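Colleague:
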Amino acid sequence: MNYNWNWGILFEEPYFDWLVSGVEWTLFVSAVAWIIAFSLGSIVGVARTVDSVPIRAVATAYVELFRNIPLIVQMFLWFYVVPEMVPDDWGRWMKRDMPFPEATSAIFCLGTYTASRVAEQVRAGIESIPVGQRAAGLAMGLTTVQVYRYLLVPVGYRIIVPPLTSEFLTIFKNSSLALTIGVAELLYQARQIENYTFQGFEAFTSVTLIYLVLTMIVVALMVSVEEKTKIPGYGIQKDK
Amino acid sequence: MIEFKNVNKWYGTFQVLKECTSSVKKGEVVVICGPSGSGKSTLIKCVNGLEPFQEGEISVDGVSVGAKETNLPKLRSQIGMVFQNFELFPHKTAMQNICLAQIKVLGRSEDEANTRGQELLDRVGLGDLGYKYPSQLSGGQQQRVAIARGLAMDPIAMLFDEPTSALDPEMINEVLDVMQQLAKSGMTMMVVTHEMGFARRVADRVIFMDEGEIVEDATTDDFFGKPHSDRAQLFLSKILEH
Ligand SMILES: Nc1ncnc2c1ncn2[C@@H]1O[C@H](COP(=O)(O)OP(=O)(O)O)[C@@H](O)[C@H]1O
Ligand SMILES: [Mg+2]
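As structure tokens, this is what we get:
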């Protein structure tokens, strides 16, 4: 194979700028999508554990719908199909007037999809708490909302920090699918550099390393969250 | 103070309580015993509305538990409950466990709640362990914290559901002692327990349940002196052998 290695090209303009901008978009899309995923997922996850049958049914439907359609299909649906299905004014707004239509669609798609996965973790966390805890809270006069706020949610979330970490990581990796609808995130920029310079190996290697560094930062962040929220002595007897 | 009138409850088609009628006077200590699955837990959970029932009436201090207009959280805040598995909140220290409902339900300030909490921790013999988390305490200590947590609400009655069944034998007495003191102080108590020694020493009355029915409802002396039913007799002979 006769390949001309040229690592220096990554630091030449405009390629360096492209990479930086790719990192920025990846971070932005992932972070905002995570905020949506975490908030919406928390609400849906809690809703799946309440007594009210209709509320539970809606939450379950949400999870099944979003979790079971492949993410890339959802990307296309949000970007190409939904604008055609909503009233004309909205559709026009989504395609033209909405700021950064591609990125906004991608964020929304990634956020609502990941929310369904976060919801499942939240539900599992809350359901793993013995039912007696809820009874004890109610027995002392707390309302159901207070029982969730002071007891079930704080304990449930502590239990699910590790699986939430992996959802958080997945959102970074999944954000690369945004390139399919034209968001200029990291992977998109790598392909663009390859197209312009034919230095695909350098471009993709550097992108791989960048993803690696990003995920390591996330892991470190979440480990410190786990440390901070740890319940002293808890877990020693957890498997009892 | 606590009145049951013809209480019937079903889980689906399975009738778990059958025509339960009894009453507990102010300051009275009533022990409920009976074979496992006879409906003891269900009965006392009906008292504070943790379990709904379909027929009959239960009232606590004149308030009907089953009535739609009853403010259940308020009623519950006046009735302390102690569970078999303690049910302390794992992410809160012993003191925080005792303070939570004082602050969130009764609206006490943190200082007031802490002061009351310290008094009660002293009373159950754990005055210097308030900073510990539940998992750092022994079972007996956890159950005493749970009792203090119930008392912190200044309840008009206390319910106990097998408070010593999950404890190692050497810890049972420290919990029973606290309960005995509490009874002596005049607290109205309903206690589900198989500790017949405790029943003899502390109870004013003993209720014996079997298959959802109140089979015996007698003064302690009568109950241990001359049980009337074969079922109670059989149960007692089994339990006293141990
Ligand atoms: N949530 C429930 N659903 C169906 N059956 C139940 C439920 N809770 C308790 N039971 C049944 O009701 C009966 C009485 O239970 P319980 O009051 O816990 O008995 P005890 O405390 O005397 O051991 C048991 O047969 C039990 O299996
Ligand atoms: Mg029971």
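Chains as they are written, first to last, in the working numbering: chain A, 5 to 244; chain B, 254 to 495. Ideal Cβ placement from N, Cα and C applies to all residues, glycine included. If you're wondering where the values come from, they're calculated on a predicted model, not measured in any experiment.
To the nearest angstrom, how far is the alpha carbon of B/D463 from that of B/C273?
Modeller: B/D463 and B/C273 have their C-alpha atoms roughly 11 Å apart.
Colleague: Might you give, ordered along the chain, the residues of its own chain that have their beta carbon closer than 7 Å to the beta carbon of A/V229, omitting 5 neighbours on each side?
Modeller: V165
Colleague: Can you name the residues that DSSP bridges to B/E308?
Modeller: B/N261
Colleague: Please confirm if the stretch 97 to 106 of chain A is in contact with the stretch 124 to 138 of chain A, defined as three or more CB-CB distances below 8 Å between the two stretches.
Modeller: Flag = no, the stretch 97 to 106 of chain A and the stretch 124 to 138 of chain A do not touch.
Colleague: Beta-carbon of B/I460 versus every beta-carbon of chain A: anything under 9 Å?
Modeller: no
Colleague: Which residue from A/S210, A/A35, A/L146, A/S120 puts its Cα closest to that of A/P74?
Modeller: A/S120
Colleague: Any beta-carbon of chain B closer than 9 Å to the one on A/D243?
Modeller: Since pLDDT at A/D243 reaches only 39, below the 50 mark, its modelled position is unreliable, and no value is offered.
Colleague: Comparing the C-beta of A/Y152 with each C-beta of chain B, is any distance below 9 Å?
Modeller: no
Colleague: How many Å lie between A/L173 and A/V27 at the Cα?
Modeller: 15 Å
Colleague: If the cut is a Cβ gap below 8 Å, which residues of chain A does B/L303 touch?
Modeller: Chain A residues near B/L303: A139, L142, A143.
Colleague: Buried or exposed for A/P91, going by 16 or more other Cβ atoms inside 10 Å?
Modeller: exposed
Colleague: With DSSP run on the structure shown, which of helix, strand or coil describes B/Q371?
Modeller: In the structure shown, B/Q371 adopts helical secondary structure according to DSSP, grouped into three states.
Colleague: At a CB-CB cut-off below 9 Å, which residues of chain A make contact with B/K327?
Modeller: Under the 9 Å cutoff, chain A gives G145.
Colleague: Starting from A/S120, trace the alpha helix (DSSP H) in both directions and tell me its first and last residue.
Modeller: 105 to 131
Colleague: Quick test of the definition: if touching needs 3 or more C-beta pairs under 8 Å, does the stretch 102 to 119 of chain A touch the stretch 300 to 319 of chain B?
Modeller: The answer is no - the stretch 300 to 319 of chain B does not touch the stretch 102 to 119 of chain A, with fewer than three Cβ pairs under 8 Å.
Colleague: What three-state label does DSSP hand B/F339 in the structure shown?
Modeller: DSSP places B/F339 outside both helix and strand once states are collapsed to three, so it counts as coil.
Colleague: Since B/V468 is in the beta strand (DSSP E), which residue starts that stretch and which ends it?
Modeller: Annotation: the continuous beta strand (DSSP E) that includes B/V468 extends over 466 to 472.
Colleague: From which residue to which residue does the beta strand (DSSP E) around B/M411 run?
Modeller: 410 to 414
Colleague: Please look up how many angstroms separate the CB atoms of A/G49 and A/A123, rounded, as I've assumed it's under 8 Å.
Modeller: Their Cβ separation, rounded to whole angstroms, is 4 Å, which keeps A/G49 and A/A123 in contact under 8 Å.
Colleague: Counting only Cβ pairs nearer than 7 Å, list the residues of chain A close to B/A196.
Modeller: Because chain B here runs from 254 to 495, residue 196 of chain B falls outside it and cannot be looked at.
Colleague: Would you mind telling me which residues of chain A sit closer than 8 Å to B/E340, beta carbon to beta carbon, in chain order?
Modeller: P134, G136, Q137, A139, A140
Colleague: Report the rounded CA-to-CA distance for B/V358 versus B/N350, giving the unit in angstroms.
Modeller: 13 Å
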